[in-house]
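A.B. asks:
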């Protein structure tokens, strides 16, 4: 998937968990789950979040109330004997029978009402959790769109003001002849950014990352790391540098190295 981040924040996974997708959309999501571990992890996180919220807000009757209800439905042998002893005539016996039956019926109605009320409360909490999840998803999309807009503004600023930024085209080394990328460098602002739309580097595994270097007075200066799978739109800001004379990219262990591995030189370009 070319833009996995956008897909994760699109809201379709929340709708999948809630069962609000068509069969075709469900089939596509399940294919993505099988293909991408990130998608599977996100679906599990959404399911766990909704389940945790529903459980944490569930309302259960207290143990004392539950015991009183159950005990009231049972009559001990001693109580039965006591009732039998106090029945002097048939009319009194009938009265107690009807009174007891009415009490049990009223108790059962009360229990049913409590169960229905509890179920409605659980449904309300579940609906609230769904609304909160949808609101968070919408907020994430807005933040992502704001970032994209800011990146695009920066992209236009760089290419519309060539006097402030120098565009350095890095070309592939013998180790990676097809590699290429463009670095925008502002000597005045000491800013360094990668034009992600120009990024064309061989895929790196989970244990390695590409590291950008600036050559200053013949010495390499670390400018940060990036991946070949970074979102190919907008600009990626790297570390600041002053007096750069050239830029180079090497393949390093994940997180970067103190010094460049020259045997893993992937691309280089002079200012």
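Numbering (UniProt numbering), first residue to last: 1 to 271.
Where a beta carbon is used, it is the ideal one built from N, C-alpha and C, also for glycine.
1. Give the C-beta separation of residue 212 and residue 238 to the nearest angstrom, bearing in mind that I take them to be a contact with Cβ-Cβ under 8 angstroms.
2. For a test of the three-state rule: what should DSSP assign to residue 115, helix, strand or coil?
3. So what does residue 169 bridge to, in DSSP terms?
4. If you compare alpha carbons, which of 192, 130, 252 and 260 is closest to residue 209?
5. Return the residue from the list 207, 124 and 233 that minimises the CA-CA distance to residue 257.
6. Can you tell me whether residue 19 is buried or exposed, with buried defined as 16 or more other CB within 10 angstroms of its CB?
7. Taking 9 angstroms as the cut-off, decide whether the C-beta atoms of residue 181 and residue 241 are in contact.
8. Kindly indicate which residue of 226, 122 and 183 has the alpha-carbon position closest to the one of residue 356.
9. Measure the beta-carbon distance from residue 269 to residue 171 and round it to whole angstroms, keeping in mind my assumption that it falls under 8 angstroms.
10. Go to residue 25, then tell me how far its beta strand (DSSP E) extends in each direction, as first and last residue.
11. In or out: residue 247 buried (at least 16 other Cβ within 10 Å) or exposed?
12. What residues in its chain sit with their C-beta under 6 angstroms from that of residue 169, if we drop five residues either side in the sequence?
13. So which of 110, 10 and 178 has the shortest CA-CA distance to residue 42?
14. Would you verify that the beta carbon of residue 240 is, or is not, closer than 9 angstroms to some beta carbon of chain D?
15. Which runs of the beta strand (DSSP E) spanning at least 3 residues fall entirely within the segment 194-226, listed in chain order?
16. Within 10 angstroms of the Cβ of residue 260, are there 16 or more other Cβ atoms? Answer buried if so, exposed if not.
17. In the DSSP output, which residue or residues are listed as bridge partners for residue 265?
18. Helix, strand or coil for residue 192? Go by DSSP, reduced to three states.
19. According to DSSP, what are the bridge partners of residue 175?
20. To which residues of the same chain is residue 222 closer than 6 angstroms at the C-beta, ignoring the five residues directly before and after it?
21. To the nearest angstrom, how far is it from the Cα of residue 36 to the Cα of residue 30?
22. DSSP state of residue 40, grouped into three classes?
23. Which residues in the same chain as residue 8 place their Cβ atom closer than 8 angstroms to its Cβ, once the five residues preceding and following it in sequence are excluded?
24. When you compare only the Cα positions, how much space is there between residue 80 and residue 110?
25. Pick helix, strand or coil for residue 239, following the three-state DSSP scheme.
26. Per DSSP, what are the beta-bridge partners of residue 270 in this structure?
C.D. replies: Taking the definition as stated:
1. 6 angstroms
2. helix
3. 182
4. 252
5. 207
6. exposed
7. no
8. With the chain represented from 1 up to 271, any question about residue 356 goes unanswered, as that position is not in the structure.
9. 6 angstroms
10. No beta strand (DSSP E) contains residue 25, which is instead part of the alpha helix (DSSP H) from 23-35.
11. buried
12. 182 and 269
13. 10
14. Judged by its chain identifiers, the structure shown contains no chain D, having just a single protein chain.
15. 208-216 and 219-226
16. buried
17. 250
18. strand
19. According to DSSP, residue 175 bridges with nothing at all.
20. none
21. 10 angstroms
22. helix
23. 38, 39 and 42
24. Here residue 80 scores only 47 on pLDDT, less than 50, and its place in the model is too uncertain to base an answer on.
25. coil
26. 246
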